[in-house]
Every structure is written in C-alpha cells, then in structure tokens.
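From first to last, the protein sequence lines are chains A and B. Using the numbering used here, you'd call the opening residue of the first sequence number 8 and step up by one each time. Using the numbering used here, you'd call the opening residue of the second sequence number 57 and step up by one each time.
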Amino acid sequence: MRCKGAAKKRFNKRCKKWNAVYESLAISGVAMVHLNRVHLEEKRAYWAMVMPAFALYLLVMAFPIILSIMLSVSNYSGGRMFGGEKWGFAGFSSYARVFTDPWFWNALKNNLYIVLISVFGQLPLGFIFAYFIYSKIVRAPSFWQGVLYVPNIISVIVVGLLWQVIFSPHGPIAEIVNSIHASSFQGQLKAIFDGAGGFSLSDDVIKKILHLAGPSGQAMFSDPVPELRDLLASYNGQPISEIYTALSNLFVQKWSPAFLTKTDIAMLPVLFVILWMYTGMYLILFLANMQKIDAQIIESARIDGANEGQVMRYIILPALSGTIVNSAILAISGSLSSFALIFAMTGGGPSRVTEILSIYMYNNAFLGRPNFPLANAISLIMVLISVVLIVLTKAVEKRYGGKEE
Amino acid sequence: MSEMIKETKLQKALAAVGRGAVYIVMSLFALMTLYPIFWLIMNSFKTTREFQVSQLAFPRAPTLQNYVEAWKMGDFGLLFPNSVLYTLGATAGIIFLSLMAGFAFAKLKSRATKPIYNSFVIGILLTTQTLMIPLFLEVNLLGLYNTRLAVLLVYIGAGLPIGIYLATEYIKAIPSAVVESARIDGAGFFTIFLKIIVPMSVPVATTLAMLNITGLWNEFALINILVSKTELKSLPLGIYKFSGSLSTDYGKQFAALTIGMVPMLVFYMIFRKQITKGVAAGAIKG
C-alpha cells in the first residue's frame, strides 16, 4: 500500500520513507529473495557452530555468577535449592561480615604476597634467565628451558606434598643440618681421643667429652664421670667409629625445623615454592618474545657501538614492555585462581595464617557448618577483583598494544 | 695499539668470569629444580623405616613394595583410566568446539560476533576456580553431582575462553578466499569446516592439546568439588588422600607422588617443544 492524498500530507516524512522502501523492494525483489536464502544459511550455520560453545560457557561462567549474586544476599543454608526449604532475601549482611572478618584481610594479604613474589621474584628471575639464554651467554638453550620448566608440568598436589615433607622435621633439610652438626661433633671427639693417643678412659678424656656434650648432655647422668666411663667401657673392643656415632647420637641435639608450623614464618616456604614452581613459565614467555625481536636491529646497534646495557635498555626492554605488564596481570589472576598448592602444602595452616582467598572461601562452604551466602559473597568479591583486572588489562593494552609482536 | 689489545684481553677475562658466574647461578637453580624430584623418586624405593634413618643416601635394598601398596590403597587402578578419560575427553571437546566457534567468529558474518567473542576473551582472566562454590551448588541443582558428565562439561567450559581466543586468531589468518571459493563450488559451511578448516588448523589444535592435557591431568580444585565417589575420582584427588592419615607413611606417600608425577614427566619429555610453544602462545593478554 502506498501513501496518497490526505495521509501523505499529514505524515509527509514517513510516507516518503515508505514509498522508497516499496520502490526498492519492487526493483530488487528477485535478488533479495536469493540473498536472503544465502544469508539465512550463513546465519543458521553461524549459530549452530557458536551455540554449543557459548551455551557451555554460560553454564560454567554466567550461570554460577548469577547464582552467586542471588545466594550472597540470601539466607540459603543448604539443602534443595528450589521446592525445598524456604530461603529468601537477607540483605548484604554476608558482605558486611566478610569485610569485617580479619581472616578475609589475612587471606587477601596472602594473595597479595603471592602477587608480589611473582612480580618481584618470578618475573625478574625469568627475565634474567631468558636473557642469558637469548644472548647466548649460556649454551644449550633447550636444556635450560626444559629443566627450569619441569615444576610446571607436575601436579600442584604432588609439588605441595613433596615440599611439605622437605620442610618438615623429617625432611632432608633437617637431615642435612643434623648430619653437619653430628660430623662436627665427631670431629671434636676424634681430636680428644687423638690428643690422648687413642682410645682411653682417663679422667681427662671423660671430662673433655662431658665438656663437649654441654650442660644438656651432662644432665643425662646423675654422676657424670663414672657413668660415662662405664658406658664407654662397654664399647671397648669395638671400632672407634661406632663410639663416635653412639656418642653423637646421644649428645647432639636434633634440630627440628618448624618452617611450616611456626605461624610467623609459615608463609615464607609457601612463597618459596611458588617462586620455585613458576619461574620457568615466565622464562619461556620472555624468551619466546625476545626471539620475536628482529635480530638485525640488535646486530646493527652492536655495529654502531652499543654495549649490552644499551641494547637491553633501548631495544629489548621496550620490545618486551607489553609482555612484562601482561605477565604481571597474569600473576595477579594466577594468584586469585591458585588453590590446590597451598591446600595440599599447608591446608591454610598453621592456625589459618597461610589461607588465601580461595581457601578462605572453600572453608566457609565446606568446613564445619556450611555458610553458602558468605562463601558466595567471597566468590563474587574475587570475581570483582578479576573484573578490575580485566579493565586494567584493556587500559594497558591500549597503551602498550602497538609494541608487542 | 698494545693498550687496546690489553683492554680486549681484560674484557675477555671479565666476560669469561661473568659467563662462569652465570653458569653457576643457573646451574644452582636447575639443581634446585631437579634435586627434589630426584630425591622423591629415590626415596620412593626405600621402606619408611630406611627413609627415617637415612634420606640422602641411595636405597640400600630398593623395593617396589611401596608402589604395590600405594597403588592398591589409592585405588589408582580406578583413578588412572578416569584421569585419561577426563583429560582426553575434555581436550577433544575443547579443541572441536573452539575450532568450530572460531571458524564462525573468523569467517562468517554476524553482528553477534563482537559481544560473544568478547565475553569469551573476558573469561580468560575470569578463572573458573573463583566460582567453585556456585559451581558446586549449580551442579547439585542440576542433579549432576558425582557424574563424569559434570566433570567433562565443567572442564570443557573452563577451557573454552583460551581455546576460542587462540582458534579465532589462528583461523582469521587463513585467507578468506579459501572459504569463498569453496562456497562458489557449492560446499556448505559444515563441509568447509570439516574438510578445509580443521586440516589447516592442526598447529593451533596441537597448541591447545598441549595446554589442556598438561593442565587437566593435574587439575584438582574443580574436580575436588564435583565428585566424591572413589570410582569417579582422578589421580590428583587420589594422591591428595595420601596427605592426611597416611602422611607419616612416607614410603607409600612417595610412591603415590611418583605415580602422579611420572606420566606427565614422560609426556613432557616427548612433547617438550610443542608444550613450550603452547605456553608461549597460551599466556596471552586478556
């Protein structure tokens, strides 16, 4: 229907537009039908290809976030979510509880420590190692890369439990320290016997041994000199090394390290393991990006008389600025997603000092009486931190984007 | 002239010293990396008693008893096939769905591409571990708790953001003329995807396989909240069992840790180059 007469006068503009549409339709009718069919096929194929991935993505990302928002302001206490017990809106009390809980700030602080050890430990170390390999200061590049990356491919559970044993009083650190103590003690024993011209039970030797044993050793006897003489006499005839071993076992106090059980230092071994584990990843990252730099630029700079420092300052660092900033952001998001390593190594202990946000959240949901609103509030706070990061990344990308690759 | 020669000699000497220092520092770090792993494997062949007496020496009478007992106690006979299924199944799913969606994003025209693709890119930094509590509740709500399906769906969903990002960027670089000429020949989009795009995307598929196989084999945080039945668990969950009540039985614990570690070490030795390439490509900006 075309616009005519009175209608045309009243709705002049709209009529013009409609008339134009009718005309174009009349002209390109046949072509339009064909194009539509082709377009429809492409559209259908598009959605058929995108939907499975997108639906799954919504299922594990979008839906949990919505659920989390709902539950964090509710009084849900477990059980059937719909059709079961009644639960409803309970305000923002969970958020208030999180922000006033000192353990939340403790966990956040530990996450921050992880970020700091990444940014000021892993990144510089990885960068320096990458530079050593890149500039051919060390030979066999794939050997170093291959070895330093090994911790990354081992399960964090294995890494956590392994280092838990290493730092424990039953671990090799304790054994190394104790064996050093023991061998120094035995050396001094040997000096005493050598001074006496071999195995001897003279008062002088006994007193020297007791002096070496110190007050705690002397306290083992009620009447030290004769008792120790009797003890030594029972070893008479056996090789002297047995006597050394027996005495050092008796007198040298075993050192029992408390790396993971002392609350004020327990975070240090954790940070060490994180440094140990991920430095290799940054090494690979930096090396790959250094190798993208046009070698001719560096070569011609060298010919022009630039030294190592200048090449680093004016060519390599600017070329890698984007990678460095992105690695830092990666480190922050990595610290938010880290869970299993500390879960296995310390479980957040001793007395919660090594808790990170994810463990703090996990314990609120699964340890003791579950508090799902609180756990979901924590989850959302972590999501918010991630969102801030993403915004930050975008800003950084705009600033440094051109320099990469 | 002679002074210049002297200076270069001095420089050479300094460079040699510096090079030596670099070698020492890097060797120390490499030793620190490898020794704990070596120490673990070595001690897994000792009885717990021998371990308590001496930890640094080689085993006096190497025994496989720890392995036999740890294998039985950890139900590794059940968990091993589970780990293989979860890892390979989810990796295959991630690769297929990523390539398919990547093809659509890169070569088919739609106004939906920008918002959907960007939402995936955002997901790269929005880690799924952050959402483990709501995920746990969701899986319960859907009645999927303690099912293999839940593990596979969550693993695939969590792996898609990086997969789609890499696949889309890769397929964008394939000339559009390839697709267009196939269209003129009358091929449908799915035929083009399967016959042309998939074979051309083997390099990016390899990268994704390396990233996901190494990541999923070791995954713990998510599967920990998805299953509790032994017959559905994966290796990392089984190994974690050795940390609690069994933690003082070092022999068995070390055997369990070695069982968990060795498959990936072997995989790494075979595919080191590809894994390294994947790491460099995968750790990208969000």
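We treat Cβ as the ideally placed atom computed from N, Cα and C, and that holds for glycine.
DSSP has residue i in a bridge; who is on the other side?
{"i": "A/F96", "result": "A/S81"}
Where does the unbroken alpha helix (DSSP H) through residue i begin, and where does it stop?
{"i": "B/T314", "result": "306-338"}
{"i": "A/G316", "result": "315-318"}
{"i": "A/L169", "result": "163-174"}
{"i": "A/Y242", "result": "Premise fails: A/Y242 is in no alpha helix (DSSP H) and is neither H nor E."}
{"i": "B/R239", "result": "232-240"}
{"i": "A/Q260", "result": "First-last for A/Q260: undefined, no H or E at that position."}
{"i": "B/S290", "result": "Careful: B/S290 lies outside any alpha helix (DSSP H) and carries neither H nor E."}
{"i": "A/Q303", "result": "302-310"}
{"i": "B/E225", "result": "204-228"}
{"i": "B/P118", "result": "Here B/P118 belongs to no alpha helix (DSSP H), and DSSP marks it neither H nor E."}
{"i": "B/N138", "result": "132-163"}
{"i": "A/A372", "result": "364-373"}
{"i": "B/E194", "result": "188-197"}
{"i": "A/V126", "result": "Careful: A/V126 lies outside any alpha helix (DSSP H) and carries neither H nor E."}
{"i": "A/G341", "result": "324-344"}
{"i": "B/A261", "result": "258-273"}
{"i": "B/F246", "result": "245-248"}
{"i": "B/T169", "result": "169-181"}
{"i": "B/T104", "result": "104-109"}
{"i": "A/M274", "result": "274-297"}
{"i": "A/Q152", "result": "148-160"}
{"i": "A/V184", "result": "179-202"}
Just mark residue i as buried or exposed, buried being the case when its beta carbon has 16 or more other beta carbons within 10 Å.
{"i": "B/K341", "result": "Reliability fails at B/K341, whose pLDDT of 40 lies under 50, so the model's placement of it is uncertain and the value that follows must be treated cautiously. Under this definition B/K341 is a buried residue."}
{"i": "A/A240", "result": "exposed"}
{"i": "A/A62", "result": "exposed"}
{"i": "B/N268", "result": "buried"}
{"i": "B/V177", "result": "buried"}
{"i": "B/K170", "result": "exposed"}
{"i": "B/Y324", "result": "buried"}
{"i": "A/M8", "result": "Low confidence applies to A/M8: its pLDDT is 48, below 50, so where it sits in the model is not reliable, and the reading given next is rough at best. It is exposed - the Cβ of A/M8 has fewer than 16 other Cβ atoms within 10 Å."}
{"i": "A/E412", "result": "Summary for A/E412: the model assigns pLDDT 39, below 50, so the residue's position carries little reliability; its value from the coordinates is reported in the next sentence. Exposed, because fewer than 16 other Cβ atoms sit within 10 Å of the Cβ of A/E412."}
{"i": "A/M284", "result": "buried"}
{"i": "B/M88", "result": "exposed"}
{"i": "B/T64", "result": "exposed"}
{"i": "B/Q9", "result": "Because chain B is modelled from 57 through 342, residue 9 of chain B falls outside the range shown and cannot be assessed."}
{"i": "A/Q317", "result": "exposed"}
{"i": "B/T184", "result": "buried"}
{"i": "B/N274", "result": "buried"}
{"i": "B/N117", "result": "Position check: residue 117 of chain B holds Ala in this sequence, whereas Asn was assumed. By the 10 Å Cβ count, B/A117 comes out exposed."}
{"i": "A/I213", "result": "buried"}
{"i": "A/Q129", "result": "buried"}
Just confirm the distance between the C-beta atoms of residue i and residue j, as a whole number of angstroms; I'd bet it's less than 8 Å.
{"i": "A/S255", "j": "A/Q193", "result": "5 Å"}
{"i": "A/A60", "j": "B/A214", "result": "About 12 Å separates the two Cβ atoms, so there is no contact after all."}
{"i": "A/G355", "j": "A/N371", "result": "No, A/G355 and A/N371 are not in contact; Cβ-Cβ is about 11 Å, not under 8 Å."}
{"i": "A/T353", "j": "A/V259", "result": "Their Cβ separation, rounded to whole angstroms, is 30 Å, which puts A/T353 and A/V259 out of contact at 8 Å."}
{"i": "B/L293", "j": "B/F276", "result": "7 Å"}
{"i": "A/I216", "j": "A/L235", "result": "7 Å"}
{"i": "B/A7", "j": "B/T263", "result": "Since the first residue of chain B shown is 57 and the last is 342, residue 7 of chain B is not available in this structure."}
{"i": "B/S284", "j": "B/N196", "result": "Incorrect: roughly 11 Å between the Cβ atoms, too far for contact."}
Could you tell me whether any non-hydrogen atom of the ligand SAM is closer than 7 Å to the CB of residue i?
{"i": "B/A336", "result": "The ligand SAM is not part of this structure, which contains no ligands at all."}
Original post:
According to a CB-to-CB cut-off of less than 7 Å, which residues of the stretch 394-409 of chain A neighbour chain B?
Top reply: So the close ones are L396, I397, T400, E404.
Subject >> Contact residues within the stretch 177-204 of chain A, judged by C-beta distance below 8 Å to chain B >> reply: Going along the stretch 177-204 of chain A in chain order, one finds H177, G178, P179, E182, I183, S186 with a Cβ nearer than 8 Å to chain B.
Original post:
Just by C-beta distance, which residues in the stretch 312-334 of chain B are closer than 9 Å to chain A?
Top reply: A312, L313, T314, G316, M317, M320, L321, F323, Y324, M325, R328, K329, I331, T332, K333
Original post:
When Cβ atoms are compared, which residues of the stretch 381-393 of chain A fall closer than 7 Å to chain B?
Top reply: A382, N383, S386, M389, V390, S393
Original post:
Taking any Cβ of chain A, which residues in the stretch 260-289 of chain B have a Cβ under 7 Å from it, in chain order?
Top reply: Considering only beta carbons, the part of the stretch 260-289 of chain B lying closer than 7 Å to chain A consists of T270, N274, F276, A277, in chain order.
Original post:
Quick one, which residues of the stretch 178-205 of chain B are near chain A if we go by CB-CB under 8 Å, in chain order?
Top reply: I178, G179, L181, L182, T183, T184, Q185, T186, L187, M188, I189, P190, L191, F192, L193, E194, N196, L197
Original post:
If contact means a Cβ-Cβ distance below 8 Å, which residues of the stretch 139-156 of chain A contact chain B?
Top reply: Of all residues in the stretch 139-156 of chain A, F139, I144, V145, S149, W151, Q152, G153, V154, L155, Y156 have a Cβ within less than 8 Å of some Cβ in chain B.
Subject >> Residues within the stretch 146-163 of chain B neighbouring chain A, beta-carbon criterion of under 8 Å >> reply: L153, S154, M156, A157, F159, A160, F161
Original post:
Of all the residues that make up the stretch 110-122 of chain B, which are near chain A by a beta-carbon distance shorter than 8 Å?
Top reply: S110, Q111, L112
Subject >> chain B contacts made by the stretch 97-126 of chain A, where a contact means CB separation under 8 Å >> reply: none
**OP:** Residues of the stretch 245-259 of chain B with a CB closer than 8 Å to any CB of chain A: list them in chain order, please.
**Re:** F245, F246, F249
Subject >> the stretch 359-377 of chain A: positions lying closer than 9 Å to chain B by Cβ >> reply: Residues of the stretch 359-377 of chain A with a C-beta less than 9 Å from any C-beta of chain B: L364, S365, M368, Y369, N371, A372, F373, listed in chain order.
Original post:
What residues in the stretch 68-97 of chain B bring their beta carbon closer than 8 Å to a beta carbon of chain A?
Top reply: Result list: G74, R75, V78, Y79, M82, F85, A86, M88, T89, L90, P92, I93, W95, L96.
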